[in-house]
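To start, the structure itself, in structure tokens.
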Amino acid sequence: MINAHLAATLGPMRAPFLLLVPVCVSLGWAAAVHDGYAIELPHLLLAALGALAAHVSVNALNEYEDFRSGLDLRTE
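With my numbering, you'll find the sequence shown wraps up at 205, consecutive numbering, no jumps.
This is the structure:
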């Protein structure tokens with residue numbers, strides 16, 4: 130029961146695609162450092178956390194919308 134609940138909760142996160150978040154944040158950090166900006170670690174971590182939260186929420190909303198529209202049933 131707990132495994133099914135956990136899978137239902139974590140499934141919409143699409144964990145394999147979460148790797149995109151640190152790649153994009155690191156690219157932005159590298160570009161800023163290259164341009165001479167001093168980046169503080171707490172700000173970088175906060176930006177990464179915000180990007181991760183945004184990515185997860187968009188994935189979950191997309192899953193919900195696909196279910197609500199019936200797309201999931203048509204594209205099994």
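All residues carry an ideal CB built from backbone N, CA and C; glycine is no exception. Just so you know, these numbers come straight off a predicted model, no measurement behind them.
As a quick exercise: from the options, pick the residue whose alpha carbon is nearest that of residue i.
i	options	result
L181	P171, F196, L148, H134	L148
N188	V150, N132, W158, A133	V150
C153	L178, D164, G165, E194	L178
D164	P171, L170, L156	L156
Using C-beta distances below 7 Å, list every residue in its chain close to residue i, excluding the 5 sequence neighbours before and after it, in chain order.
i	result
V185	M142
A144	none
Measure the C-alpha to C-alpha separation of residue i and residue j and round it to an integer number of angstroms.
i	j	result
A133	L139	10 Å
R203	A137	20 Å
A183	F196	20 Å
A176	S198	33 Å
D201	L135	20 Å
F146	Y193	17 Å
L170	A160	15 Å
Keeping to the same chain, check which residues put their C-beta closer than 8 Å to that of residue i; ignore five residues upstream and five downstream.
i	result
W158	I168, L173
V162	I168
Once you ignore the five residues that flank residue i on each side, which residues in its own chain have a CB closer than 6 Å to its CB?
i	result
N191	none
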